[in-house]
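Everything below concerns the one structure shown next.
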Amino acid sequence: MINAEQQVASLNVTAMQQLLIRNDKAVLMLYAGACSRAKEFVPVLEDIATRVPELAFGRFDVTSDQKVGMVFKAGIEPEAPALKAFFKNAPPEKRVLVYRGRPTMEDVLPWAQAVATWNGTDELPSGWKVGTKEREEALAKAAADELANVMKEGNKAKMKGKHSRRSKGPRKGVPKDEMR
């Protein structure tokens, strides 16, 4: 059995990509460096993870890797971690939802339960708090693009080993100077 600490593991970039690729719905706590509020919230998030087992959870320090895209860094300040829900199979404009409430069990648990039950339709379940429509649409588009890139990179890594060609000399019909 997986314990709560394992369910909300601290992830590196590769593990974060795998979490998003392997799960239809995932919630990430994104934070910057040694954020004390993020550390304080981890036990609450672990408790939520045990209560909403149908979601994948993780936490990621956005300062740990320069390759991390803006969708992950947007809204993250030194003492202000963020929760973002990622939906792999939702329409592109609905693939990322940013939690905008207080970081308490009473507020985050209903949000996480709503995330777990959402089916990708236009009707939003209760517990979802959204900002202005334009800002949400811009963030959703950026997030969809970033998530597509994460998925693409993960698929490239999978396929890299499967289709490698062993060199057996020049290919027939390909001039030697055009070979790579």
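Per my numbering, the very first residue in the sequence shown carries number 768; after that it's consecutive.
Ideal Cβ positions, reconstructed from N, Cα and C, are used throughout, including at glycine.
Just so you know, these numbers come straight off a predicted model, no measurement behind them.
Residues that DSSP places opposite residue i in a beta bridge
i           : result
residue 794 : 824 and 852
residue 777 : 826
Other residues of its chain near residue i: CB distance less than 7 Å, five sequence neighbours each side excluded
i           : result
residue 988 : The requested residue 988 is not part of the displayed model; the chain covers only 768 to 947.
residue 830 : 799 and 800
C-alpha gap between residue i and residue j, whole angstroms
i           : j           : result
residue 894 : residue 920 : Confidence in residue 894 is poor, its pLDDT being 48 and thus under 50, which makes the residue's placement too unreliable to answer from.
residue 821 : residue 847 : 26 Å
residue 900 : residue 886 : Because residue 900 sits at a pLDDT of 49, beneath the cut-off of 50, its placement in the model cannot be relied upon, and the following sentence gives the value as read from the coordinates. Taking the straight line joining both Cα atoms gives about 20 Å.
residue 803 : residue 774 : 20 Å
residue 810 : residue 795 : 14 Å
residue 866 : residue 812 : 13 Å
residue 861 : residue 819 : 21 Å
residue 778 : residue 863 : 18 Å
residue 808 : residue 858 : 30 Å
Residues near residue i in its chain [Cβ-Cβ closer than 6 Å; skip 5 each side]
i           : result
residue 898 : Model confidence at residue 898 stands at a pLDDT of 43, short of 50, so the residue's coordinates are unreliable and nothing is read from them.
residue 805 : 798 and 848
residue 870 : 808
Sequence-distant residues of its chain with Cβ nearer than 8 Å to residue i (five each side left out)
i           : result
residue 815 : 824, 872, 875, 876 and 879
residue 868 : 874, 875, 878 and 896
With contact counted as at least three CB pairs below 8 Å, one residue from each stretch, are the stretch 777-796 and the stretch 815-828 in contact? yes
For the pair the stretch 851-862 and the stretch 789-809, tell me if three or more CB-CB distances fall below 8 Å. yes
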